[in-house]
Amino acid sequence: MTTYAALLRGINVGGHRKVPMADLRRLLEDLGYENVRTYLQSGNAVFSTGAAEPGAAGAPTGGAGPAARSGAAVCGDTDAVTAALGRAVEDRFGFAVEILVRAHGYLRAVVEDCPFPAESLEGRQLHVTYLSKDVDEDRFAALDRAAFLPEEFRVGDHALYLYVPDGLGRSRLADALAKPALWKGVVATSRNWNTVTRLMEMTRD
Numbered sequence: 001m002t003t004y005a006a007l008l009r010g011i012n013v014g015g016h017r018k019v020p021m022a023d024l025r026r027l028l029e030d031l032g033y034e035n036v037r038t039y040l041q042s043g044n045a046v047f048s049t050g051a052a053e054p055g056a057a058g059a060p061t062g063g064a065g066p067a068a069r070s071g072a073a074v075c076g077d078t079d080a081v082t083a084a085l086g087r088a089v090e091d092r093f094g095f096a097v098e099i100l101v102r103a104h105g106y107l108r109a110v111v112e113d114c115p116f117p118a119e120s121l122e123g124r125q126l127h128v129t130y131l132s133k134d135v136d137e138d139r140f141a142a143l144d145r146a147a148f149l150p151e152e153f154r155v156g157d158h159a160l161y162l163y164v165p166d167g168l169g170r171s172r173l174a175d176a177l178a179k180p181a182l183w184k185g186v187v188a189t190s191r192n193w194n195t196v197t198r199l200m201e202m203t204r205d
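Residue numbering for the sequence shown follows UniProt numbering, starting at 1 and increasing by one per position.
This is the structure in structure tokens:
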């Protein structure tokens with residue numbers, strides 16, 4: 001059995017694009033998944049399927065194509081799970097939501113590869129942007145990183161890491177990184193470090 005985390009982007013913000021967590025849990029159960037749980041209201045769902053984890057990092061296998069809306073969605077291909085869940089969310093709530101589905105291996109790698117001293121920081125000071133695919137430093141070449149110090153970001157193999165000592169709400173760097181042009185062709189959704197580590201633990205088999 002493999003346990004996944006589904007990360008929904010941009011829901012329940014300012015009263016818009018509402019997806020009640022109870023309804024999301026019910027939707028996942030209707031798709032045939034087991035051990036369904038949610039965490040906070042920001043769009044984090046954890047669920048299990050009998051299929052094996054797709055690769056060591058739990059990242060997309062990229063090749064199975066869309067899955068059916070029924071129990072056929074219950075498979076070990078994160079691309080197929082993402083497609084099935086995306087269709088189901090749009091059908092149930094009436095709007096499209098970008099979703100990343102990741103297994104424990106990927107979530108563990110994100111934590112282990114953190115370039116900042118997470119153990120000495122508060123959860124609100126460190127944020128991770130999960131990515132649908134790897135990105136390189138060239139994408140951010142136009143940003144003058146020195147102008148934002150002491151705020152920093154690092155591009156990892158699995159995610160982007162953002163250090164904001166005064167929190168996200170006051171961060172000029174976070175605003176600069178939020179520009180849609182920087183994320184063309186990439187699904188990106190962010191969580192603070194407390195949520196990052198909690199999701200890793202929740203998906204541990």
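No residue lacks a Cβ here, since even glycine has one placed at the ideal position from N, Cα and C.
Sequence-distant residues of its chain with Cβ nearer than 7 Å to residue i (five each side left out)
i      : result
Ala22  : none
Asp134 : Asp157
Ser171 : Glu151 and Val164
Residues of its chain near residue i, where Cβ-Cβ distance is below 6 Å and the 5 sequence neighbours each way are ignored
i     : result
Gly50 : Met1
Ala68 : In this predicted model, Ala68 has a pLDDT of only 31, less than 50, meaning its place in the structure is not dependable; the value taken from the coordinates is given anyway. Result list for Ala68: empty, nothing under 6 Å.
Gly43 : Leu8 and Ile11
Gly71 : Confidence at Gly71 is low in this model, with a pLDDT of 38, below 50, so the placement of that residue should be treated as unreliable; the coordinate-derived value is given next. Contacts found: Gly32.
Cβ-Cβ separation, residue j to residue i (assumed contact under 8 Å), whole Å
i      : j      : result
Trp193 : Val110 : The Cβ separation is near 10 Å, so there is no contact.
Val97  : Gly86  : 7 Å
Leu100 : Leu7   : 5 Å
Leu199 : Tyr4   : Actually they do not touch by this definition, with Cβ atoms about 10 Å apart.
Leu107 : Tyr163 : Contact flag wrong, Cβ pair sits at about 20 Å.
Endpoints, the alpha helix (DSSP H) within which residue i is located
i      : result
Thr189 : Note, Thr189: premise wrong, no alpha helix (DSSP H); beta strand (DSSP E) at Ala188 to Asn192.
Leu177 : Arg172 to Leu177
Contact set for residue i: own chain, Cβ-Cβ below 8 Å, skip 5 residues either direction
i      : result
Pro115 : Arg154, Gly156 and Tyr161
Gln41  : Asn12 and Met21
Endpoints, beta strand (DSSP E) assigned at residue i
i      : result
His127 : Leu126 to Leu131
Leu31  : That residue, Leu31, is in no beta strand (DSSP E); it is neither H nor E in DSSP.
Glu90  : Looking at the DSSP string, Glu90 is not in any beta strand (DSSP E); the run it does join, the alpha helix (DSSP H), is Thr78 to Phe93.
Ala45  : Asn44 to Thr49
Thr101 : Looking at the sequence itself, residue 101 is Val, so the reference to Thr does not match. From DSSP, the beta strand (DSSP E) with Val101 extends over Ile99 to Ala103.
Val13  : No beta strand (DSSP E) holds Val13; DSSP gives it neither H nor E.
Ala142 : Looking at the DSSP string, Ala142 is not in any beta strand (DSSP E), and its letter there is neither H nor E.
Arg204 : No beta strand (DSSP E) holds Arg204; DSSP gives it neither H nor E.
Arg154 : Glu152 to Val155
Leu162 : Ala159 to Tyr163
Proximity of residue i and residue j at Cβ, strictly below 8 Å
i      : j      : result
Leu182 : Glu151 : no
Val46  : Met202 : yes
Arg9   : Thr189 : yes
Leu143 : Ala176 : yes
Leu27  : Arg92  : yes
Phe95  : Arg17  : yes
Inter-residue spacing [alpha-carbon to alpha-carbon] between residue i and residue j
i           : j      : result
Glu34       : Ser48  : 5 Å
Ile11       : Ala88  : 15 Å
Pro20       : Arg204 : 25 Å
Glu119      : Leu24  : 32 Å
Leu141      : Gly32  : Note that residue 141 corresponds to Ala in the displayed sequence, not to Leu. Cα-Cα distance, rounded: 44 Å.
Ala64       : Leu149 : In this prediction, Ala64 has a pLDDT of 30, which is less than 50 and means its spatial position is unreliable; nothing more can be read from the coordinates.
Arg145      : Gly167 : 17 Å
residue 232 : Val187 : The chain is shown from 1 up to 205; residue 232 falls before or after that span and cannot be answered.
Ala84       : Gly185 : 20 Å
Ala159      : Arg139 : 14 Å
Gly14       : Arg102 : 26 Å
Glu122      : Arg37  : 25 Å
Asp136      : Ala147 : 20 Å
Thr197      : Pro180 : 26 Å
Min CB distance residue i to chain B below 8 Å
i      : result
Arg204 : You won't find chain B in this structure, because it holds only one protein chain.
The ligand FMN heavy atom lying under 7 Å from the CB of residue i
i     : result
Arg25 : Although the ligand FMN was asked about, the structure shown includes no ligands whatsoever.
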